[in-house]
Each structure stands twice: as structure tokens, then as C-alpha cells.
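So the structure is just underneath, and the comments pick up after that.
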Amino acid sequence: MIKPKISNRLDEDICVHIFMASAAMVGVCITVIGIFQVVTTLRREDTLGDDLLAINAILYLATTIMSYWALRTRNQRRNHRLEKMVDILFLVALTFTTVVAGVITWAMTFT
1 MIKPKISNRL
11 DEDICVHIFM
21 ASAAMVGVCI
31 TVIGIFQVVT
41 TLRREDTLGD
51 DLLAINAILY
61 LATTIMSYWA
71 LRTRNQRRNH
81 RLEKMVDILF
91 LVALTFTTVV
101 AGVITWAMTF
111 T
């Protein structure tokens with residue numbers, strides 16, 4: 001019986017870390033959108049980067065909400081399903097962050 005309790009505690013711990021990291025990444029995306037807007041206004045050109053960052057912020061917000069829901073639920077089965085979905089969505093959002101960084105770098109370099 002001790003092992004399942006440790007396993008549940010570890011899952012809960014992962015969910016807490018994803019919740020905090022996703023919430024921080026929403027703030028990072030919003031900050032970068034603001035900085036990006038200043039740069040594109042000064043250069044008098046428009047790029048796709050700020051739109052992609054807004055989508056990225058929405059992905060992180062969805063991850064934050066789902067991980068909060070997983071932390072608050074009392075149903076173990078629902079909790080495990082939510083944790084799997086949160087893990088996948090967080091990895092998708094992280095990958096999308098890397099893609100957006102590449103797009104922004106490419107757009108700033110070649111325009």
C-alpha cells in the first residue's frame with residue numbers, strides 16, 4: 001500500500017510543477033508579445049510572431065487550467081486522465097515555444 005501513495009504523491013508533485021511553469025510561461029509570452037510589438041512598431045513592419053505567441057500563451061493557459069483542475073479533483077481516475085492530458089499539452093506548448101522562437105528569429109534576421 002505504501003507504493004501507490006508514493007506514486008500518487010509524485011504525480012501530484014508533477015502536476016504542481018506543470019501548473020507553476022505553465023503560469024510563468026503565460027507571463028513570459030505576454031511580456032515577449034509586448035516587447036515584440038515595440039520592435040515591430042519601431043521597424044514599421046508586421047510579422048506573424050506576435051500572433052504565434054498569443055496562441056502559445058493560450059496553450060499554456062489551457063495547461064495551467066487543466067493542471068489546476070487535476071490538483072483540485074478528488075476522483076483518482078479523472079485525476080490520472082487529466083495528468084496525462086496536461087503532460088501532453090505542456091509538451092506541445094513547449095515545442096510550439098521553440099518553433100515560435102525560430103520563426104521570430106528568422107523574421108527578424110531576414111526582414
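Note that UniProt numbering numbers the sequence shown so that position 87 is 87, with each residue one more than the last. Beta carbons are placed, not taken as given, at the ideal position from N, Cα and C, and that holds for glycine. Owing to the predicted nature of the structure, the values given are computational and were not obtained by experimental measurement.
Short of 7 Å from the beta carbon of Asn-56, and not among the five residues preceding or following it, lie these beta carbons of its own chain, in chain order: Cys-29, Ala-93, Phe-96, Thr-97 and Val-100.
Segment contact: the region 31-43 against the region 70-84, fewer than three CB-CB distances shorter than 8 Å; contact not assigned.
In this structure, Tyr-68 lies away from Phe-110, with their beta-carbon atoms at least 8 Å apart. Annotated as distal: Leu-91 and Ala-62, with beta-carbon spacing of 8 Å or more. Nearest neighbour of Thr-64 by Cα position, chosen from Asn-75, Asp-13, Val-26 and Arg-43, turns out to be Val-26. In the DSSP annotation of this structure, Leu-48 is not part of any alpha helix (DSSP H), being labelled neither H nor E. In the DSSP assignment, Asn-79 falls within the alpha helix (DSSP H) that extends over 76-110. Looking from the CA of Met-85, the closest CA among Val-103, Leu-59 and Arg-44 belongs to Leu-59.
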